[in-house]
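Structure first, then comments.
In the working numbering, the protein residues as written are 407 to 544.
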C-alpha cells in the first residue's frame with residue numbers, strides 16, 4: 407500500500423502531462439476512470455490541467471488518499487458517489503439529480519456545490535473532463 411502510493415507519486419512527478427491525463431493512464435494509476443478523476447481532483451482542489459511534475463508530493467498523496475476510499479466504497483456498494491453529505495443541496499434541484507452524487511461529473515454549466523461557479527467541461531485524454539474553475543484554480 408505504501409509502495410503503491412510512492413510509485414504513483416514518483417510516476418506523476420516525473421511527467422509533464424497534466425494530472426487530468428495522468429489519472430487516465432493505466433501505467434501511472436490503475437482503475438481510476440473518468441468519474442473518479444474528475445471528482446477526486448475537485449475534492450482535493452487541484453486543477454486537472456496542472457502538470458504532474460508541478461504538483462507537490464504532498465498534494466499527489468492527497469489525490470491517492472482521496473481516491474482509495476472512494477473506489478473501495480464504489481466496489482463494495484456498486485454505486486459511485488463522491489459528495490459529502492454536508493454538501494448535498496436540500497432540497498435536491500429537480501433539474502440536477504447528479505448534485506446528490508457528484509460534485510462536478512456530468513454537471514456542466516450547473517453551479518458548483520461549494521462556490522456556485524458554473525461547472526466547466528473539456529475533452530482531455532479522449533474523455534469528457536469536468537471541473538470547477540474557481541475551486542480548482544491551482
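C-beta: ideal position from N, C-alpha, C; glycine also.
What distance in whole Å lies between the Cβ atoms of residue 419 and residue 471, which are believed to be in contact at a cut-off of 8 Å? Not confirmed; about 16 Å, so no contact.
If you follow the alpha helix (DSSP H) that residue 413 is part of, which residue opens it and which one closes it? 408-419
Three Cβ pairs or more, each shorter than 8 Å: is that satisfied between the region 439-450 and the region 502-512? Judged by Cβ distances under 8 Å, the region 439-450 makes contact with the region 502-512, as three or more pairs qualify.
Per DSSP, cross-strand counterpart(s) of residue 536: 527, per the DSSP bridge assignment.
How far does the alpha helix (DSSP H) with residue 442 in it extend, from its first residue to its last? That run of the alpha helix (DSSP H) goes 439-450.
Where does residue 488 sit, in a helix, a strand or coil, going by DSSP? coil
Assuming residue 493 and residue 519 make a contact with CB atoms under 8 Å, what is their CB distance in whole Å? 5 Å
Can you give the Cα-Cα distance for residue 459 and residue 410, rounded to whole angstroms? 18 Å
Cβ distance (whole Å) where residue 489 is taken to contact residue 506 below 8 Å: 7 Å
Which residue from 440, 415, 481, 479 puts its Cα closest to that of residue 457? 415
Please report how far the alpha carbon of residue 467 lies from the alpha carbon of residue 413, in whole angstroms. 10 Å
How big is the Cα-Cα spacing for residue 485 and residue 479? 8 Å
Among 481, 528, 541, the one whose alpha carbon lies nearest that of residue 517: With distances taken between Cα atoms, residue 517 lies closest to 541.
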